[in-house]
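Below you can see the structure in the form of C-alpha cells.
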C-alpha cells in the first residue's frame, strides 16, 4: 500500500474541492484499497480560542482595505464557479471560521480507521454547504456519529487530548511541507500538488504513484 499525505484544514474551501476530487478519482480508478490517505494538519486559525467562531460575512464586513476586499470577492467568485463545476454547494457567507484543532484530531482518528477522505468530506459538506459551526462540540459529535468513528477515541478527542501532540507536530512541520498553499498533497515521493487542483492532475499523479 502506498501513501498520500494530504495537508489541509477543514475551513479551507479549496481543500474541500480537492478532497472530493481525490475521492472520486480513487473510486473511478479502483485504487481505494491500494493507497493510504493520511490527514496532515495545517490549521488556518490556530490562534483562536477553541470555542470562538465568526462567519465569513462578519469577517468581510470588517475589511477596510479595498485591495483585500477585492481579493475576497475574487476568491469567492472563483470558488463558486469551481463548486458549481464539480457539483458542490458552497454557502461561503454562512461558513464559520474557527480554530479547527478538534476536527483535525478527529481526522487523525479517521486516518487510523482508513477513512480520512470520507470523514473530511463530511466536514466539508457540513462547513461549506450546511453552515455548521464546528467550534461546537455537538456538531463535532454529529460528524463522528455519522461516520461511525470509534466511540472511545472520539471521547478521547472531545474530552481529552488524544492526537493533540500529532496535530501540534503537523503544525510545526507545515511551514516545511505546505509552505505556499493548502491543500498540499504528496503522492508518495512521486508528485506534489498544491492549491487549486484538477481531476486531470490527480489522475496523472495517481498513475505515477501506482505505476499505471
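Numbering (my numbering), first residue to last: 246 to 457.
Even for Gly, the Cβ is constructed at its ideal location relative to N, Cα and C.
- Cβ contact annotation for residue 263 (same chain, cutoff 6 Å, sequence separation greater than five): 428, 442, in chain order.
- Excluding residues up to 5 positions away in sequence, 423, 425, 426, 427, 428, 429, 430 lie with their Cβ nearer than 8 Å to the Cβ of residue 439 in the same chain.
- Secondary structure note for residue 298: its beta strand (DSSP E) is the uninterrupted segment 298-300.
- Per the Cβ contact rule, the stretch 259-279 is not in contact with the stretch 376-396 (fewer than 3 Cβ pairs under 8 Å).
- Around the beta carbon of residue 456, a 10 Å sphere encloses fewer than 16 other beta carbons of the protein chains shown; the residue is thus reported as exposed.
- With a cutoff of 9 Å on beta-carbon distance, residue 395 and residue 344 are scored as not near each other.
- Secondary structure of residue 431 (DSSP, three-state): strand.
- In summary, residue 298 is buried, with 16 or more beta-carbon neighbours lying within 10 Å of its beta-carbon over all protein chains present.
- By alpha-carbon distance to residue 372, the top candidate from 334, 296, 447 is 334.
- Around the beta carbon of residue 348, 16 or more other beta carbons lie within 10 angstroms, which makes this residue buried.
- Under the DSSP assignment, residue 383 falls in the alpha helix (DSSP H) whose first and last residues are 382-391.
- With respect to residue 412, residue 350 sits close: the two C-beta atoms are nearer than 9 Å.
- Residue 342 is bridged by DSSP to 299.
- In this structure, the beta-carbon distance from residue 268 to residue 362 falls below 9 Å.
- Cα atoms of residue 399 and residue 329: separation of roughly 33 Å, rounded to the nearest angstrom.
- Setting aside the 5 residues that flank it on each side, residue 448 is surrounded in the same chain by 270, each with a C-beta closer than 7 Å to its C-beta; the list follows chain order.
- Where residue 362 is concerned, the enclosing alpha helix (DSSP H) starts and stops at 361-369.
- Its chain contains no residue whose beta carbon lies nearer than 8 Å to that of residue 417 once the 5 sequence neighbours on both sides are disregarded.
- In this structure, DSSP gives residue 289 a state outside helix and strand, which the three-state scheme calls coil.
- With respect to the C-alpha of residue 288, the residue from 340, 250, 415, 402 having the closest C-alpha is 415.
- Counting along the chain, residue 270 sits inside the alpha helix (DSSP H) bounded by residues 258-274.
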